[in-house]
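Written below as structure tokens is the structure these notes are about.
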Amino acid sequence: MKSNYQINLTAAATLIALGSFASVHAGTVTWDNNGGAGDNEWGTATNWDGDAVPGNDDTVIINNGDTVNITGNSLSSNGTNLDISVSGSALTFTGVGGNWQFNMAGASISLDATSSFNGGGQYARLFGSGFVIEDGATISNIATLEINGTGGSFTFGLEGSDPFNTIGLNNLGFNGGVTNAIDNTAFVVDFDGYTGGAQTFDLIDWNDGSAASLT
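Counting the sequence shown from 1 gives a position; this note's numbering is that position plus 5.
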């Protein structure tokens, strides 16, 4: 069954949530593959400034136009707590698969309008984590994106006057523990860059995953 999540600007401003997320990070690590190993692998230390792979609580910046590959289960950790910002670049899964190849806790993945996140047909699970998605960003080829626990979020940045570039997901699952629910997931819509009038936006289009009754 296909589902979507909409916001109707003619309905009421009560659906609009404004918020910010703040956290303390160990340091900032910037991708510099062109001056590093040149293999486009996240797990190669010399592809990062300081020749160190990002670790717990780091702020990660990927902004030089490269495609960064995560091979195997390089980012399968329940304690990674990364703040990943992708601008004009791509973050992609390749290689060895698994039940949850991208398995993050307390993480934030920010995608600007010219960036992409490609799951390589694998599964992704976020514990108390979220996506910040600017209009024009692409999320694709994820078998199932599951949001678990409290604090999960999707933040959508609307730009210009056109309808939002709908994010398409194969499957989207919400697991609140005892029941599959949307209760613990926040949907935030940022209208700072919006210049259009009243209209209806389709934010996400998905096939029902673990929450068959989700609408």
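The beta-carbon is built from N, C-alpha and C at its ideal position, and this holds for glycine as well.
Here the structure is a predicted model, which is why all the values come from computation and not from measurement.
Boundaries of the beta strand (DSSP E) around threonine 143: 143 to 145. Assignment of glycine 40 by DSSP, reduced to helix, strand and coil, places it in the helix class.
Comparing alpha-carbon positions, the option among Thr205, Gln204, Gly48 and Gly162 lying closest to aspartate 117 turns out to be Gly162. Non-local C-beta neighbours of tryptophan 53 in its own chain, meaning closer than 8 Å and more than five positions away in sequence, comprise Val34, Thr35, Trp36, Asp37, Gly41 and Pro59, ordered along the chain.
Between serine 90 and valine 73 a beta carbon distance of about 12 Å is seen, past the 8 Å cut, so the two are scored as non-contacting. When the five nearest sequence neighbours on each side are left out, the beta carbons in the same chain lying within less than 8 Å of the beta carbon of tyrosine 199 are those of Leu163, Glu164, Gly165 and Ser166, in order along the chain. Beta-carbon to beta-carbon, isoleucine 147 and leucine 174 are separated by about 6 Å, close enough to satisfy the 8 Å threshold. In the displayed model, glycine 55 falls within a helix according to three-state DSSP.
Its chain contains Asn123 as the residues whose beta carbon lies nearer than 6 Å to that of serine 145, once the 5 sequence neighbours on both sides are disregarded; these appear in chain order. A residue is called buried once 16 or more other Cβ atoms fall within 10 Å of its Cβ, and aspartate 197, having fewer, is exposed. By the C-beta density criterion, asparagine 212 is exposed, having fewer than 16 other C-beta atoms within 10 angstroms. By the 16-neighbour rule on beta-carbons within 10 angstroms, glycine 202 is exposed. Annotated three-state conformation of alanine 50 is helix, per DSSP. A straight-line Cα-Cα distance of about 26 Å links threonine 190 and isoleucine 67.
Just so you know, the alpha carbons of glycine 154 and asparagine 39 end up roughly 38 Å apart. Taking 8 Å as the upper bound for CB-CB distance, serine 158 and serine 120 are not in contact here, some 18 Å apart. Per DSSP, the beta-bridge partners of leucine 174 are Trp211.
Around the Cβ of alanine 57, a 10 Å sphere holds fewer than 16 other Cβ atoms; the residue is exposed.
The C-beta of aspartate 140 has 16 or more other C-beta atoms within 10 Å across all chains shown, which makes the residue buried. Closest by C-alpha distance to glycine 178, out of Ala129, Val137 and Asp195, is Ala129.
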